[in-house]
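Please read the structure below before turning to the comments.
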Amino acid sequence: MSVIVAQPLHIFGLRSRVANSVCYFDEQIIIYPSGNSCVKYHLEQKWQKFIPGSEKSQGMLALAMSPNRHYLAISEIIQEKPAITIFELSSVPCKKRKVLSAFDFPVHEFVSLAFSPDSKYLVAQTGPPESNLAYWMWEKQRMMAIVKADIQNNPIYQSGDLRWETSIECREPPSEVVKDELAHESESLVEFPTASSPDLSSEMLCEDVSQQQASLPQVSAIAAYSKGFACSAGPGVVLLFEKTEEKEGYRENREIRIPQDQLSSDPNQSDKQEVTCMCFSPSEEMLLISTNKNQLYIFTMSSADIIKGEPAHFEYLHFPLHSAAITGLDTCIRKPLIATCSLDRSVRIWNYETNTLDLYKEYQEEAYAISLHPTGLYVLVGFSDKLRLMNLLIDDIRTFKDFTVRGCRECTFSNGGHLFAAVNGNVIHIYSTTSFENVNNLKGHNGKVRSVIWSTDDNKLISCGTDGAVYEWSLLTGKRDTECVLKSCSYSGVAMSPDAKIIFAVGSDQTLKEISDSSILREVPSFDVTYTAVVVSHSGRMVFTGTSVGTIRSMKYPLPVHKEFNEYQAHAGPITKMSITCDDQFLLTVSEDGCLLIWKVYDKEGRGLKREKEVGYAEEVLITKTDMEEKTQVMLELKTRVEELKMENEYQLRLKDMTYNEKMKELTEKFIQEMESLKTKNQVLKAEKEKQELQYQEQLSELMEKQSREIQDLESGNNQKLLLEYEKYQELQVKSQRMQEEYEKQLHDMEESKNQALEELTEYYEAKLQEKSTLLEEAQDDARQQLREFEETKKQIEEDEDREIQEIKIKYERRLREEKESNLRLKGETGIMRKKFSSLQKEIEERSNDIETMKMEQQKLQNIIKSLEKDILGLKREIQERDETIQDKEKRIYDLKKKNQELEKFKFVLDYKIKELKKQIEPRENDIKEMKEQIQEMEGELERFHKQNMQLELNITELRQKLKATDREMHKEQQKERDMEALVKRFKTDLHNCVGFIQDPKKLKEGIRELYNKYVQQADMVEIVGVDTDLQQEYTRQREHLERNLATLKKKVVKESEIHRADNVRIMQENVSLIKEINELRKELKVTRTQVHDLQSALGLNRKNKKQGIPGTVLSSELLPNTGVLRLNVGEETEKIIEMQRLEIKRLRDQIQGQEQVLALRPLSGGKLPMLEIERSPGTEQQ
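Heads up: the sequence shown runs through residues 60 to 1242, numbered per the working numbering.
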């Protein structure tokens, strides 16, 4: 890493395109986006602290402050991917708490953010085409919900009652009471109002019948506070609404406007700015707004309450800022000034010592280049039509010389200030600052000159252009000393070392070139970033470059071979200009985002940076004689005005004394009369008082007697209690004396220790005071000496300036004559040069257009290649996954084939048994047919009953619908009656008020006209009739539509009932056949069991005979005539058959239970099968 370090110190600018671009951190600190970072700005102390953006960030899109003001969420795009970074604001410096970058849903960017009221959840709104709302528990990075929202890029607003708003609709005249607040309680955290009925909480829906067709103002920003809310109502206007005493009403309380800027080129349009964001301070004393022209305004809410009758206006938060790309930047030597010009047609002079704006003026044309004279008293500005040399006066920037240089994109004063260079296309004009003569014209570039720089001794000039050439010009001869041409590179910036031996150039080939003696010594790569500007410190040890991404890089000289530089996030657009102050303390950068950033530069090794200034900054200011005379005249007029006002005040005071004396006399007479009436009342009251005193004395005597008796009784009882308490008191007194003695000892010890400590501290602080007093005396002596030196230098400078002015006057008169002659010669040459220049310009434009089209095609092809590579990788992954799935499926197929072979063997055995069983089923099929016929008859009856029931149900539903319709019509008619009664009451009251003006015919006429306009409007009557007819037609159309639907549904019900009936019949038949087969199988089972039993008994006899030795041939032949059919393992085979049949019986039982459940659910199956009492047998399902 490089030892050269740059630290951001102050930034002038605002990015108003960021959603929710202004928010309060506390009462005095605000946060707003500027450049590629967020700024914490203290309103009183004027300091700034930076919250830098993420590395490789392509710019911020939205901000959100948590309600507890502990966290700040920032939406960014990092390497073409969206991300949300959450900072913890309480830590110093601010730390990254969480970064949300991995998302499970498609998203290109997050256009708006908002925290929940408890600051635990975060909602983000994605941009088009998705337009989703994503909802996170951000501390755990857990996605809670995602909702598709058709909200057309409106920002999210936070509400205090756990509802977040997405859209605002405002219809208003501003003076009307805000009505019809449609606020409903919501169970969900996020609620989205539909387009037909917007749901607003802190935003009201305002209507006025008389202005329905007037153009409605667009609400671009809104903010709620405790009394109501504030919203923008068109360009440059903010309305304050307060809650009314009614339940859900808001009334417009105040209109605040953005003031007209008198320094603007068009003051009438300066106040027509669109408000993009609004924010109230935590105490709601201040209202802060940002506009689409990158301006910040503030308004104190207390002034809105004090001066309600006067029109209110916003004030600039600090000073007006640039609203478009900054194209020019320069500094001077004698003053701490920065000059900037911008495409917003303004020229601004900043002070980097106090971080303020000293001068500001707007013009009719766009300003492309600017240069500040080393003295800081003049400025050179290249406009689209002319090059102008201007004086920096005390309160104005005034032009005093125009040069016919059109579209000057680059201009610069020499280090001595006696010359300046101005670029006109591919020609560099050298002018004298004193005589304004064209000293020289430097021709040689084939393309536009992009950058020009002077050497320290002003003998050389370095230029670079889009033609890939870097030339070193000698001003003595007006010819090129050295040249370095590289046509593949379009240069954008050039710098020179202090000894004028090495040139640094940057351009479109993404390298920093070190050029010396017409050859490139070294090329330092920029690692996939294009350098747009370069600057070298006056010490020659530091090199700074600006990139097209908006970052700056600091590196030491000699240039590093490897990636040894510090990169800092600076701006949100390409850096256009860079400069460094004469003492190498501050680096200045400007960009297309309209921001000026001041960096504090220092070297970790500390070499050659801390240069103490021998002479302080100049405090002289230019002012014209006419301005001085005007100000003295104004002062005299004001003095006379003050004297006149004094006379008027004295006269008014005398008049007031006279009037007050008369009033005093009247009041004294009134008071005397009142006093006499009060005296009579007082006498009456005294008589009443004497009577009441006699009564109270009698009552008192009676009460005193009662009290004396009670006191005697109480004294006798209390004496005994007092004796007991006295004994206890004596014991406690002894204890308290002991405690007092102990505490006195402790207090004495504490006082001694405190006295010692006080003596030590007084001695220590007295010594310190003596030291500080000596230091103060020394500092005062130094200040006095510096004041004397300053006065002496001031006198010398004034004398030198008087001499120089006389010499300059003589030179000007001579050079004016020479200039007139040279102008006549140059007019002929300029005509020829203009023709050549126009033809060359056309060729250059054609070639630049071809280059741009080729670049666009190349970018498109690269994007296509990247997308195709991603598709190839995805397809390869899919192929691998599918190969794996194929292998798994092949294994399964192999296993299934094995199972299939076993099942075929089993099937062969069962088929044989089924054939034998079918032969036994034939005689019973006749019985089944008879039973089926009976079942069909039963089902026919069931169908008839079901049809009757369905018809009755349909009739009932139709009657109920008719009843509901009649009820609705009745309610509507009742509502109409109420509305008409209310209207009649209102008309009566208005008519009563109108009758009051019966003596005044004009007022009576106006009142009747108002009544007519209010109650008898033809348009309203026509609309009402039209609405009634439309409603009638709509009602009939809807009724016909519903009747058609009813008919189709009836047909469907009939068809479905027939299908269900057929299914039920089929299932019943299958059940009957299965029951018969089961019964037959059971019989066969019994027969087989008896056979098995006989076989087992026969086997038992044979074994006995073998044991006894008796020949059993005859017996075996009698018992078992079919011994040839028997096998050796007859017992095992029969057991296997029995087990197989049991399994088959279980399967059949499960199927029967399933069929019974299905039949139970069917509405049309009325007939029930009889339950089986016999055991079931297997093997009938596979017919």
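Each residue gets a CB set at the ideal place from its N, CA and C atoms; glycine is no exception.
Quiz item: Where K1195 and L1202 are concerned, what is the direct C-alpha to C-alpha distance, given to the nearest angstrom?
Solution: Approximately 11 Å between the Cα atoms of the pair.
Quiz item: With 16 other CB atoms within 10 Å as the buried threshold, where does K507 fall?
Solution: Counting the other Cβ atoms within 10 Å of the Cβ of K507 gives 16 or more, which makes it buried.
Practice problem: In angstroms with no decimal places, state the Cα-to-Cα distance between L1243 and G94. | Solution: Any question about residue 1243 goes unanswered here, given that the chain covers just 60 to 1242.
Quiz item: Should the stretch 552–563 be regarded as contacting the stretch 508–517, the criterion being three or more beta carbon pairs within less than 8 Å?
Solution: At 8 Å Cβ cutoff, the stretches touch.
Self-check item: Where F442 sits in the DSSP three-state scheme
Solution: If DSSP states are grouped into helix, strand and coil, F442 belongs with the strands.
Practice problem: Mark F288 as exposed unless 16 or more other C-beta atoms lie within 10 angstroms of its C-beta, in which case mark it buried. | Solution: The Cβ neighbour count for F288, taken over all protein chains shown within 10 Å, is at least 16; the residue is labelled buried.
Practice problem: Would you tell me roughly how many angstroms separate the C-alpha atoms of Q1216 and G999, rounded to the nearest one? | Solution: Each residue's alpha carbon lies about 22 Å from the other.
Quiz prompt | Span separating the alpha-carbon of H372 from that of I357 | solution = Computed Cα separation, rounded: 9 Å.
Quiz item: In its own chain, which residues sit with a C-beta less than 6 Å from the C-beta of S134, not counting the 5 before and 5 after it?
Solution: These residues qualify, in order along the chain: L120, A121, I143, F169 and L172.
Practice problem: State whether the stretch 1055–1072 contacts the stretch 1026–1045, with contact taken as three or more CB pairs (one from each stretch) at a distance under 8 Å. | Solution: No: fewer than three Cβ pairs fall under 8 Å.
Quiz item: Roughly how many angstroms lie between the CA atoms of R509 and A428, to the nearest whole one?
Solution: When only Cα atoms are considered, R509 and A428 end up about 11 Å apart.
Quiz item: Any chance the CB of N505 is under 7 Å from a heavy atom of the ligand GDP?
Solution: Of ligands this structure carries none, so the ligand GDP is not represented either.
Exercise. Measure the C-alpha to C-alpha separation of E314 and E343 and round it to an integer number of angstroms.
Key: About 17 Å.
Quiz item: L1140 to R941, Cα distance in whole Å?
Solution: For L1140 and R941, the gap between their C-alpha atoms comes out near 50 Å.
Quiz item: Taking the alpha helix (DSSP H) that P1060 falls in, what are its first and last residues?
Solution: It spans P1060 to Y1074 - the alpha helix (DSSP H) in which P1060 sits, taken as one unbroken run.
Quiz prompt | Residue from L820, L452 and T415 whose Cα sits closest to the Cα of M687 | solution = Out of L820, L452 and T415, L452 has the C-alpha closest to the C-alpha of M687.
Quiz item: Just to confirm, are P165 and E189 a CB contact at a threshold of 8 Å?
Solution: In contact: P165 and E189 (Cβ atoms closer than 8 Å).
Exercise. Using the Cα positions of M601 and N625, report the straight-line distance between them to the nearest angstrom.
Key: Using only the alpha carbons, I get a separation of about 12 Å.
Practice problem: Could you pull out every residue in the same chain whose Cβ sits closer than 7 Å to the Cβ of G476, ignoring the five residues on either side in sequence? | Solution: If we look at G476 and ignore the five residues flanking it on each side, its Cβ neighbours are H432, P433, T434 and T492.
Quiz prompt | I864, buried or exposed, once every other Cβ within 10 Å from all chains shown has been counted against 16 | solution = By the neighbour-count rule (16 or more Cβ atoms within 10 Å), I864 is not buried but exposed.
Quiz prompt | Between the CA atoms of G503 and T683 - distance to the nearest angstrom | solution = Whole-angstrom Cα-Cα distance: 42 Å.
Self-check item: First and last residue of the uninterrupted beta strand (DSSP E) at G387
Solution: Bounds of the beta strand (DSSP E) holding G387 are I385 to T390.
Quiz item: What residue from C543, V1113 and S549 has the CA that sits closest to I1243's CA?
Solution: Residue coverage of the chain in this structure runs from 60 to 1242, which leaves residue 1243 outside it and unanswerable.
Quiz item: To which residues of the same chain is E651 closer than 7 Å at the C-beta, ignoring the five residues directly before and after it?
Solution: Excluding positions up to five away in sequence, the list reads A384, G632, P633 and T635.
Self-check item: Among V608, Q829 and V406, the one whose alpha carbon lies nearest that of Q117
Solution: It is V608.
Exercise. With distances taken Cα to Cα, identify the nearest neighbour of F459 among G527, L436 and G186.
Key: Taking only the C-alpha atoms, the option nearest F459 is L436.
Exercise. Could you check what DSSP says for N741 in three-state terms: helix, strand or coil?
Key: In this structure, N741 counts as helix in the three-state DSSP scheme.
Quiz item: Quick one, which of P276, S279, L299 and A292 has its alpha-carbon nearest S285's?
Solution: Proximity to S285 across P276, S279, L299 and A292 peaks at L299, based on C-alpha coordinates.
Quiz prompt | C-alpha distance - I63 paired with G552, whole-angstrom precision | solution = Going by the C-alpha atoms only, they are around 21 Å apart.
Exercise. Name the one or two DSSP bridge partners that N191 has.
Key: For N191, which the question treats as bridged, DSSP gives the partners K207.
Quiz prompt | Three-state secondary structure (DSSP) of I891 | solution = Helix.
Quiz item: Can you give the beta carbon distance from T589 to Q569, rounded, assuming they're within the 8 Å contact cut?
Solution: Sure, about 5 Å apart at Cβ, within 8 Å.
Quiz prompt | Same chain only: Cβ atoms within 7 Å of I1169, ignoring 5 sequence neighbours per side | solution = Residue confidence for I1169 is low, a pLDDT of 41 falling below 50, so the modelled location carries little weight; the figure read from the coordinates is stated next. Hits under 7 Å: none found.
Quiz prompt | C-alpha distance - K1110 paired with N985, whole-angstrom precision | solution = Cα to Cα, the separation comes out at about 37 Å.
Quiz item: What is the DSSP secondary structure of F730, reduced to helix, strand or coil?
Solution: It is helical.
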